[in-house]
Each structure stands twice: as structure tokens, then as C-alpha cells.
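Numbering (mature numbering (1 follows the signal peptide of the UniProt record, and there is no 0)), first residue to last: -18 to -1, 1 to 197.
For reference, the structure discussed in these notes is given below.
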């Protein structure tokens, strides 16, 4: 059968393609796919996890683990380990400080709502003096909220940096979800729940509040 010009051109093109090294036919991308999605960075992932914890796990956890101020104070009079063994959470080694989930009621005797480290001072034992500091933020110091949650462990995270970012994200959630008194809070009574770290039996009580309400 004689070769027509068209058949000759077709065979030549096929041979040229076959000789191209590493040639691969790639199908067009599916326009309905999510190929352009940008992966979340560490801050965004920890913020999402913190929000999920507040929404799904924290309310039940606080209800189960919170200790009232008066019983905790009585146990601390016997020593930090007595209080910690009864009601505390301590991650890692025995040298780590104890963390407590606290529920308390008291009168506001001091307030600083102007600074970025805003706080309230609460009198929970009726002596007229502030004995519980509530960190309102946006600057909230410490890792008490993270460390008081026994379902969070360092080994579940990639490294110390990611674990530290989770602590900050939880503090940010605490700040964002608080409903602060509209008027001057001094003289008002409040019921508060939250977490605090105690490195010693006589250490000041500094709480990261997760809820704040009038009785």
C-alpha cells in the first residue's frame, strides 16, 4: 500500500513523541478541585484546635474537675502535694507545678480594665482583701489552661514550639469568650471558673478564667 503524505506525517509525529525522553501526558486539573487551598500554619491549626476544645470538651471537663475555693484552701494548709493529689493536674515529671481547675465566688475589690494585661481582683474568703486575680487579657500569661487539661500531652504535638502555641491559643480563646461587666465591676459579686498554676502552697492565686458571671 503506497504511503500517502498524510499517513507519512502521522507516523513521523508518532515517532517523534516516542523518542522524547521523560515525556508524560498530564490531564488537565479538575476545575472543581481545591488545588489552590493554602495549608494552615501552626498558629491557625492551634487556634482551630483551641476553639474546638472550648466548644466540645471544656464545659464538661470543668464541671468534672473544678474544686471550690474553700476546700482547696483547706487542703493547701496541709501542703501543696496534699491539694495536688486530691484535685490537681501535673503534666510530665513530679517536679512540674500543680495545676487546678477552680470554681469560686467572691466580690470584686480591684480592677484594671485599661491595660492589655487587664485583670480583676476577687475576694473569695470575705476578709475584704483580694485573694484571686482574674487574668482578662488580651495579654494572659502562663500555660495554666493548657496544663490543667489532662487530655493534652506534649507527646501528642510535633515539638515544644507547637505546644507553646497551643497554650497561647487557649489563652486567646479565654479572652475572646469572656463577658466583662459593663459598669465599674468593683463591688460586684461574680462566679468564676478557670485554671491556675500553683508552684507553692502559698503562691498567689492567678486564674485564667473560662467563665465569668453574676450569681
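C-beta atoms are modelled at their ideal positions from N, C-alpha and C, and glycine is treated no differently.
Bear in mind the structure is a predicted one, so any value in this text is a computation, not a measurement.
Distance, Cα to Cα, residue i vs residue j?
{"i": "residue 116", "j": "residue 138", "result": "29 Å"}
{"i": "residue 112", "j": "residue 146", "result": "30 Å"}
{"i": "residue 158", "j": "residue 170", "result": "21 Å"}
{"i": "residue 163", "j": "residue 101", "result": "12 Å"}
{"i": "residue 153", "j": "residue 190", "result": "7 Å"}
{"i": "residue 49", "j": "residue 80", "result": "13 Å"}
{"i": "residue 68", "j": "residue 120", "result": "32 Å"}
{"i": "residue 70", "j": "residue 122", "result": "21 Å"}
Kindly indicate which three-state DSSP category residue i falls into: helix, strand or coil?
{"i": "residue 42", "result": "helix"}
{"i": "residue 66", "result": "helix"}
{"i": "residue 129", "result": "helix"}
{"i": "residue 179", "result": "strand"}
{"i": "residue 173", "result": "strand"}
{"i": "residue 106", "result": "coil"}
{"i": "residue 53", "result": "helix"}
{"i": "residue 94", "result": "strand"}
{"i": "residue 86", "result": "strand"}
{"i": "residue 160", "result": "coil"}
{"i": "residue 14", "result": "Low confidence applies to residue 14: its pLDDT is 47, below 50, so where it sits in the model is not reliable, and the reading given next is rough at best. Coil, per DSSP."}
{"i": "residue 189", "result": "strand"}
{"i": "residue 150", "result": "helix"}
{"i": "residue 8", "result": "At residue 8 the pLDDT is 37, less than 50, meaning the model places this residue with poor confidence; the figure from the coordinates comes in the next sentence. Coil."}
Please classify residue i as buried or exposed, where buried requires at least 16 other C-beta atoms within 10 Å of its C-beta.
{"i": "residue 10", "result": "Caution applies to residue 10, whose pLDDT of 42 falls short of 50 and renders its modelled position unreliable; the value that the coordinates give is listed next. So residue 10 counts as exposed."}
{"i": "residue 199", "result": "Because the chain spans -18 through 197 in this model, residue 199 falls outside it and cannot be assessed."}
{"i": "residue 176", "result": "buried"}
{"i": "residue 114", "result": "buried"}
{"i": "residue 74", "result": "exposed"}
{"i": "residue 128", "result": "buried"}
{"i": "residue 61", "result": "exposed"}
{"i": "residue 20", "result": "exposed"}
Among all the DSSP beta bridges, which residues are the ones paired with residue i?
{"i": "residue 117", "result": "101"}
{"i": "residue 81", "result": "71 and 179"}
{"i": "residue 204", "result": "A query on residue 204 cannot be resolved here, the shown segment of the chain reaching from -18 to 197 and no further."}
Would residue i and residue j be called neighbours here (beta carbons separated by less than 9 Å)?
{"i": "residue 126", "j": "residue 188", "result": "yes"}
{"i": "residue 192", "j": "residue 44", "result": "yes"}
{"i": "residue 57", "j": "residue 64", "result": "yes"}
{"i": "residue 183", "j": "residue 59", "result": "yes"}
{"i": "residue 179", "j": "residue 36", "result": "no"}
Taking 9 Å as the threshold (beta carbon to beta carbon), is residue i in contact with chain B?
{"i": "residue 178", "result": "Among the protein chains of the structure shown there is no chain B, as only one such chain exists."}
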